Amino acid sequence: MGVPVSLVSTLREICGEPHVVTQAHQLKTYESDGLLQFAVTPGAVVLPADAAETARVVRACFEAGVPWVARGAGSGLSGGALPVSDGIVIALSRLRRVVEVDLDNQRVVVEPGVTNNEVSAAVGPTHFYPPDPSSQVVCTIGGNIAENSGGAHCLKYGFTTNYVTGLEAILTDGTVVQVGGPQSDRPGLDLLGALVGSEGTLAVVTRITLRVSPVPEAIRTLLALFDSPQQAGEAVSAITQAGVIPAAIEMMDNLTIQAAEPMSHAGIPLETGAALLVELDGSEHECEARFDEVVRFCEDNGATDVRVAADEAERGRFWKCRKAAFASMGRLAHAYLVQDGVIPRTKLPEVLDRIDALGQEYDLRVANVFHAGDGNLHPLVCYDQPADYERAAELSAAILDVCLDAGGSITGEHGVGHDKKKHMAKQFDEPDLAAFQKLRCAFDPHGLANPGKVMPTPRLCGEVPGVYRPHPLEEAGVAERF
Amino acid sequence: MPSASELAERLRDGGPVRIAGAGTKAAWGHPVQDLEPLDVTGLDRLVSHDAGDFTAVVQAGVPLEAAQATFAEAGQMLALDPPDGGATLGGVVASADSGPLRHRYGAPRDLVIGVTLALADGSVARGGGRVIKNVAGYDLPKLSAGSFGTLGVICEVCLRLHPKPERTATASFRHDDPQALQARALELAHRPLEAEALDFRWDAGGGGVLARFGGTVAGERARALADAEVVDDDDELWAAQRAGQRSPDRVVLRVAALPSELARVLAVAGDAGASVVGRAGVGTTWLTLPDGAGAEVVADVRARLAPHPVVVGDAPAGVRGKLDPWGVPAGPELDLMRAVKARFDPQRKCNPGLFVGGI
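Encoded structure:
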């Protein structure tokens, strides 16, 4: 497939020879994101130095009618940055400046290639950036914007979309738009809400204004061990029903513990049925008052052991166990598929039973690790032989059906991307998808930004029907069309 | 009682409408009173309150205070407390209205997790869902929040709820120097207090900062702040803050300011003779202009506070007709909003002309 030679030379003029990749062996670096099941070799990869170069690259693609895929760290788990073979990849890894830190107003302005962790570092030690995907060491803010990333602490603190107040976005015709700004509550349609989580299908962002938060006064973390995930689920219910909103409640089942404990040394016996990691933060007063309640709820619901992190090092080991869960799965199986379904939290016990039953039916092991507070499940379907892949994929899809039956969603934080677009028509009806398409066409009428993602089937944008009619106030000269 | 699909068919088959809820904000925006009203108060069912999941599905015509009463039975609340309790949920969401709880819990956009829209092409579209964490599909709930009904009729919303604090207490600080007030506000905003609300008020050369705490130890937390006057029975204090966002007979301006510029906003307000309430940690501030102040004063306030957006809320009819209530400048951002409008409502059926730039 590839892209026109003339476009490649234009890209070289814009970004310089070394920043346009066309050699087959170099292009391989970009052919997948964090979801390695899918690979497509792009026609070329371009690495602009700044927003101005990015806008010119996008404009050149517009003029050549060539589609593009924006890419950050490539750590996404839905194939959202999977290239298109007749298009280019715009890699934003050179846009990595922290532009402005405005602690007075609790804002930070960054370029998209800055990593999630670097944002917190830029505003520390007094402040931090709450959304914390497990990949935060490498994943970039640009990718977080595209995916509306969550993380373990989003139950209390919210998601990426709750922290973005301004974006500099480049539309597919190369127009640079300043959306929002440093202020909250600006008038107008919520274009920020539309852009964040749009998976790179509406625009590419080159500058981001984020809200940050003061670091909590106190953090208390405990690890509670149970004989079964169901018991742990009951404890979660008791905690949330009492009106406690912990900073995080994470659950790991026995298989996950078997994989992650040997790597993290959190001190969890390998035969433990389920472990619950609960973190409270906030004021000293409130934390203290609530923590004892949480311990009691765990004990009342059959916790065999409750361990309170004595210091930051122990807290670190508890969290390492949770955050290393995906990476350590290699100890149990040669390969796994990760799912990202969401269910109403109260449906947890019945959904876990159904996942168990499905695992037996398909004769595959499923490890469960999830954000228990908000019902976001990450079942890891393990398999050893390449021949088992199809079966594992079927089981993985069946788990999503279970989530939808329970009133949930096919994705809580990883995005639809390429991987889950086939499931979109199960969650949404045709009029819903048609409304999504209206939004997409408003931003990208020619379908150049990350085509083939999110929507289950390719769609084209028609011309906007209807004619402009002036408002009576305009005709009276009272208001004007700006 | 019309269903969502009947409303959608009406939009498709009929002429332009103004979408009407309880009418508490009917005059906001560019005037559309001449248009045929489309009454949505018949959508008055609280569809479900899933207390265990801290969510609820509510039709757009349900009054906010009626929904809150139901949630309170389970010790829960929708963390939105705009001034008009009688407003419908659809109206609150469409206007992105909020009150002091905005400080901790955000605006309607942050609490609406699902939406059902009747669209001008006759279809009924849903976005989001019924779970608080969900990134499937484009975020129609956020796009609807604050759209003033210009993309379609909001028929039903799914809401995230929060625990309602058992007790509250407020630490109050008086100041008669705008700089001192700003310094206090910033100092409190930067401490990890987890206050339910952090407001300020100013009138005729004096004012103060208010920090409201919730939870079992609210009183202790308020008393832990040095120099504070603590009020345990604090509902009236906060009712007054909310009331400052409205006026039956004067011009009310909403300024999207930044916390570091509160003193500057107070100086401009002082010169205009305005009284002020606002969210100290967010920056959003309401100025109520004195009796008789009109379009010239609004223009002057806008010029002096630029580039911070200044929106006209309540205003006497005579003043409203003489100014642009939104003040959003021309440019690519407004063009993009118009492009979205053109795709969702190409024939301009839904509140045409009411919103920014004549959307």
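As given, the protein sequences belong to chains A and B, one line each in that order. Residue numbers for the first sequence follow the working numbering, beginning at 1 and rising by one. Residue numbers for the second sequence follow the working numbering, beginning at 1001 and rising by one. All C-beta atoms, glycine included, are put in the ideal place defined by N, C-alpha and C. Everything numeric in this text was worked out from a predicted model, so none of it was measured.
Between G1086 of chain B and P1063 of chain B, the beta carbon gap of about 6 Å places them in contact (Cβ cut-off 8 Å). Look at V1040 of chain B here: in three-state DSSP terms it is coil, with no helix or strand label. Taking a Cβ-Cβ cut-off of 8 Å, L1035 of chain B has no neighbours in chain A, whose nearest Cβ is about 10 Å from it. Against P1290 of chain B, chain A offers no close residue; the least beta-carbon distance is about 24 Å (beta-carbon pairs closer than 9 Å).
In this structure, E147 of chain A lies away from R207 of chain A, with their beta-carbon atoms at least 8 Å apart. Secondary structure at S1275 of chain B: strand, using DSSP grouped into helix, strand and coil. With respect to the 8 Å criterion, A203 of chain A and F443 of chain A are classified as neighbours on the basis of their beta carbons.
Our two residues, T161 of chain A and E1036 of chain B, have alpha carbons roughly 36 Å apart in a direct line. For C441 of chain A, the secondary structure class from DSSP, reduced to helix, strand or coil, is helix.
The beta carbon of L270 of chain A sits closer than 7 Å to the beta carbons of I257, Q258 and E261 from its chain, once the five residues preceding and following it are set aside; these are given in chain order. Distance from the Cα of A121 of chain A is smallest, within the candidate group A:P112, A:V137 and A:P133, for A:V137. With 16 or more other Cβ atoms from the protein chains shown falling within 10 Å of its own Cβ, P1163 of chain B counts as buried. Contact annotation for G375 of chain A against chain B: D1053, V1131, I1132 and K1133 [CB-CB distance below 9 Å, chain order]. At the C-beta level, L77 of chain A and L35 of chain A come within 8 Å of one another. For the 8 Å CB-CB criterion, P130 of chain A and S184 of chain A do not form a contact. In the structure shown, S149 of chain A adopts coil according to DSSP, grouped into three states. In the structure shown, the three-state DSSP call for H418 of chain A is coil. Listed in chain order, the positions of the stretch 1141-1162 of chain B with a beta carbon within less than 7 Å of a beta carbon of chain A are K1142, L1143, A1145, G1146 and S1147.
DSSP lists A:M251 and A:L377 as the bridge partner or partners of F370 of chain A. Put simply, the backbone Cα of A1222 of chain B is about 45 Å away from that of G1321 of chain B. Look at the beta carbons and you see the stretch 1201-1213 of chain B touching the stretch 1269-1282 of chain B: at least three pairs across the two are nearer than 8 Å.
Taking one beta carbon from each stretch, the stretch 184-198 of chain A and the stretch 1320-1340 of chain B have 3 or more pairs nearer than 8 Å; the two touch. Only residues of its own chain outside the window of five on either side were considered, and among them S32, G79, L82, H418 and D419 have a CB closer than 8 Å to the CB of F38 of chain A, listed in chain order.
DSSP, reduced to helix, strand and coil, places W319 of chain A within a helical segment of the structure shown. Taking 8 Å as the CB threshold, G1127 of chain B lines the interface with chain A. In the DSSP assignment, C1158 of chain B falls within the unbroken beta strand (DSSP E) covering V1153 to R1160. Note on geometry: alpha-carbon atoms of G1357 of chain B and L1262 of chain B lie some 28 Å from one another. Beta-bridge partners of M1077 of chain B (DSSP): B:H1162.
Minimum Cα-Cα distance from G415 of chain A among the listed residues A:A152, A:G341 and A:T41 corresponds to A:G341. Comparing C-alpha distances from N144 of chain A to each of A:F226, A:F159 and A:A335 shows the shortest one belongs to A:F159. G1146 of chain B and I1154 of chain B have their alpha carbons spaced roughly 11 Å apart. Taking 8 Å as the cut-off between beta carbons, the residues of the stretch 399-431 of chain A near chain B are G407, G408, S409, I410, T411, G412, E413, H414, G415, V416, K420, M424, Q427, F428, D429 and P431, in sequence order. The stretch 1210-1295 of chain B is shown to contain whole alpha helix (DSSP H) runs of 4 or more residues at 1218-1223, 1235-1243 and 1262-1272, in chain order. In the DSSP assignment, A91 of chain A falls within the beta strand (DSSP E) that extends over I88 to A91. When only Cα atoms are considered, I219 of chain A and Q339 of chain A end up about 30 Å apart. Excluding the 5 residues flanking it on each side, D1139 of chain B has same chain C-beta neighbours closer than 8 Å at G1127 and G1128, in chain order.
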